[in-house]
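Numbering (our numbering), first residue to last: 95 to 180. Beta carbons are placed, not taken as given, at the ideal position from N, Cα and C, and that holds for glycine. Note that the coordinates shown come from a computational prediction; the quantities given were computed from them, not determined experimentally.
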């Protein structure tokens, strides 16, 4: 299972990561993808956002993908495991 680092809403955006921000629109979990050199666009389904984040990480040669999520209830375990940074 893929593991993603969970970024709390009050934490600073890391410079070495792609950020997938999960929110809820019309009762569905959606996400946008951003990085220091990439502005977030229209929210897409979370699974698609995670795939887009993988591609962007490779394109920008970044170290990791982090997930910013205010309500962990929006996360589907099928997408991977969310882990807090130690």
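Beta carbon of residue i nearer than 9 angstroms to that of residue j
{"i": "residue 127", "j": "residue 112", "result": "yes"}
{"i": "residue 163", "j": "residue 147", "result": "no"}
{"i": "residue 179", "j": "residue 99", "result": "yes"}
Three-way DSSP call (helix, strand, coil) for residue i in this model
{"i": "residue 104", "result": "coil"}
{"i": "residue 178", "result": "strand"}
{"i": "residue 143", "result": "helix"}
Per-residue burial, residue i [other beta carbons within 10 Å of its own, 16 or more giving buried]
{"i": "residue 166", "result": "exposed"}
{"i": "residue 102", "result": "exposed"}
{"i": "residue 109", "result": "exposed"}
Which residues DSSP lists as bridging residue i, in chain order
{"i": "residue 148", "result": "Paired residues: none, contrary to the question."}
{"i": "residue 132", "result": "129"}
{"i": "residue 118", "result": "123"}
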